[in-house]
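Under my numbering, the letters of the sequence shown match residues 484 to 761, in that order.
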Amino acid sequence: MTDADLSAAVAHAFRPVADAVAARRLPGAVFGVVSASGARAVEAAGHAAWLPEERPLDRATWFDLASMTKVLVTVREVLRLVEDGVADLHDPVSALLPDIAQVPGTSPIRNLTLAALATHTAGLPAWAPIYANAADPAGAAAAVLQTDWPLGAPCYSDIGYMMLGLAVERARGARLAELVDQPGLAAAPPAGAEVAATEDCQWRGRVLVGEVHDENSAGLGGFAGHAGLFGTMDGVLDAAAAILAGTWLGPAAMAGMSARHTPTRAFGWQIRHAVPAG
484 MTDADLSAAV
494 AHAFRPVADA
504 VAARRLPGAV
514 FGVVSASGAR
524 AVEAAGHAAW
534 LPEERPLDRA
544 TWFDLASMTK
554 VLVTVREVLR
564 LVEDGVADLH
574 DPVSALLPDI
584 AQVPGTSPIR
594 NLTLAALATH
604 TAGLPAWAPI
614 YANAADPAGA
624 AAAVLQTDWP
634 LGAPCYSDIG
644 YMMLGLAVER
654 ARGARLAELV
664 DQPGLAAAPP
674 AGAEVAATED
684 CQWRGRVLVG
694 EVHDENSAGL
704 GGFAGHAGLF
714 GTMDGVLDAA
724 AAILAGTWLG
734 PAAMAGMSAR
744 HTPTRAFGWQ
754 IRHAVPAG
């Protein structure tokens, strides 16, 4: 596919979104694709916010990347621990978090492996309102670690990635936010940057711009293993280009990340399959 063909294909795919923006069914959107050759095409339309005033949007606008934090930060940092010999994917999470599920000490949560958490096969709940009962980030982290979570059928789980984020922090002796080292991606947009609003948040009583939308991430201090990352379209495409080029991690980690671990997932990443994601 030539660069011109890629640009035409991206423009065609973006047309329904641009129509929705023009009809004010959504404020704005940016859509981009990068090819294995490194060619990229980007389309943008609309506004970064409608409230409290309209602000323009373009490919340099920063967005709350929400659950992309899981794959762009947490998966990478877990695999870096493996590359550095700090952890093994088959280690129980209690090897990095010896205080997890201390009461009772026989909880099966203590034996969940890093791989099971990363591939959403641990059977942890999808979500819980941790923020609602935590007075501060330490209290929220304690709730993640000390709750004897019920285990059931495998499902996509924020809880599992909160645990992974806390495990990485414990192993590195640093906040997960401090480990983000990719251009165009950060725990908070740089000063003066154009930032897309997420919502008029009833819990916080304001339009959210440049602060994490996810309530549990906010309760955990603004950045956690499941949500908290901000970035630009080109920041995301830079990461995607490095993945396609095989340079995002070392060769062994890249191979492990790309391998199919379940019918629908590689290591953290969803892979193409017949059933729509929703």
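The C-beta atom is built at its ideal place from N, Cα and C for all residues, glycine as well.
Secondary structure note for E652: its alpha helix (DSSP H) is the uninterrupted segment D641 to R655. Exclusion of the five residues before and after A543 leaves E677 and T715 as the residues of its chain whose Cβ lies within less than 7 Å of its Cβ.
For D619, there is no enclosing alpha helix (DSSP H), as DSSP gives it neither H nor E.
Three or more beta-carbon pairs separated by less than 8 Å are not found between the stretch 610-620 and the stretch 510-525, which leaves the two stretches without contact. The beta-bridge partner set that DSSP reports for A524 consists of V516. The criterion of a C-beta distance shorter than 8 Å is not satisfied by P581 and D631. Between H573 and T596, the C-beta spacing is below 8 Å. DSSP places Q753 in the strand class (E or B) of the three-state scheme.
Setting aside the 5 residues that flank it on each side, P591 is surrounded in the same chain by L634, each with a C-beta closer than 8 Å to its C-beta; the list follows chain order. A contact between stretches requires three or more CB pairs, one per stretch, nearer than 8 Å, and the stretch 552-564 meets this requirement with the stretch 738-758. For V663, the closest C-alpha among the options S518, V554, A623 and H495 is that of V554. Separation of A611 and C638 (C-alpha to C-alpha, rounded to the nearest whole angstrom) is 13 Å. For A487, there is no enclosing beta strand (DSSP E); the residue is part of the alpha helix (DSSP H) that begins and ends at D486 to A505. Excluding its 5 nearest sequence neighbours in each direction, L720 has C-beta neighbours in its own chain below 7 Å: G515, V517 and R523, listed in chain order.
Straight through space, the alpha carbons of R755 and T747 are spaced by roughly 7 Å.
When rounded, the separation of the alpha-carbon atoms in A669 and A487 is 31 Å. The beta carbons of P575 and R593 sit about 6 Å from each other, so the pair counts as a contact at 8 Å. By the neighbour-count definition (other C-beta atoms within 10 Å, threshold 16), S520 is an exposed residue.
Every beta strand (DSSP E) of 3 residues or more that sits fully in the stretch 683-723 is shown, in chain order, as 689-692 and 712-714. Fewer than three Cβ pairs drawn from the stretch 733-742 and the stretch 647-660 lie within less than 8 Å of each other, which leaves the two stretches out of contact.
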